[in-house]
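The numbering of the sequence shown is my numbering, which starts it at 53 and goes up by one.
Data first, discussion second: the structure below is written as structure tokens.
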Amino acid sequence: MVVASAGIGAHAFNHITVVVQDLWRLLAAPETAGFNPGTIYHPVSAVLYIWLAAAVYTGRRWSRVAITVLLVFQAVGRYFVFVSYPSLEVRADLVTGWALSVVVVCLLWIPTFSRHHFTHALRWSRT
53 MVVASAGIGA HAFNHITVVV QDLWRLLAAP ETAGFNPGTI YHPVSAVLYI
103 WLAAAVYTGR RWSRVAITVL LVFQAVGRYF VFVSYPSLEV RADLVTGWAL
153 SVVVVCLLWI PTFSRHHFTH ALRWSRT
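Here's what the structure looks like:
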């Protein structure tokens, strides 16, 4: 679960870097900085990812379902961004994010130790 939590943390870090880039763009060239859905989505989701990484690490069963649903919706959103922005840099970032999401979801659901992690945590704390 450490690896899955680290992967979720990497998603949070990615979202934080996008927020920093947006703020830098706003400060450097306010006339060209635009407002888009990502301006709201990235800071909110960064906090959400950090919270979910901690919940997954502690074995909260609901967190496994919540992060899976979030990553599926994010994958759909990434598709629309992929189509909208033909830049190689943007697309490389999106493909890397898709790959990381697949690895995290697989680590959360496939291995036996993963199922044991969430079941064992349930015995010790009712979540």
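Note that the Cβ used here is the ideal one computed from N, Cα and C, for glycine as well.
Label residue i either buried or exposed according to how many other C-beta atoms from any shown protein chain fall within 10 Å of its C-beta, with 16 as the threshold for buried.
{"i": "T179", "result": "The predicted model places T179 with a pLDDT of 49, which falls under 50 and marks its position as unreliable; any figure quoted below should be read in that light. So T179 ends up on the exposed side."}
{"i": "H169", "result": "buried"}
{"i": "I162", "result": "exposed"}
{"i": "A105", "result": "buried"}
Per DSSP, what kind of secondary structure is residue i in: helix, strand or coil?
{"i": "T179", "result": "Any answer about T179 is weak, because its pLDDT of 49 lies below 50 and its placement is not dependable; what the coordinates show is given next. If DSSP states are grouped into helix, strand and coil, T179 belongs with coil."}
{"i": "I119", "result": "helix"}
{"i": "T171", "result": "helix"}
{"i": "Y137", "result": "coil"}
How far does the alpha helix (DSSP H) with residue i in it reach, from first residue to last?
{"i": "N66", "result": "V54 to A80"}
{"i": "S97", "result": "P89 to T110"}
{"i": "S153", "result": "L140 to W161"}
On a CA-only basis, which of the options is nearest residue i? Give me that one, please.
{"i": "V133", "options": "V124, L146, S97 and V55", "result": "L146"}
{"i": "T151", "options": "R130, S139 and L140", "result": "Per the sequence shown, the amino acid found at residue 151 is Ala instead of Thr. Comparing Cα positions, the closest option is R130."}
{"i": "V96", "options": "G111, F165 and N66", "result": "N66"}
{"i": "L100", "options": "G90, I60 and T164", "result": "I60"}
{"i": "T84", "options": "T171, I92 and D74", "result": "D74"}
{"i": "T69", "options": "A98, A105, M53 and A80", "result": "A98"}
{"i": "Q126", "options": "P82, Y93 and F165", "result": "Y93"}
{"i": "G90", "options": "C158, V72 and V156", "result": "V72"}
Are residue i and residue j closer than 7 Å when you measure CB to CB?
{"i": "L160", "j": "A56", "result": "yes"}
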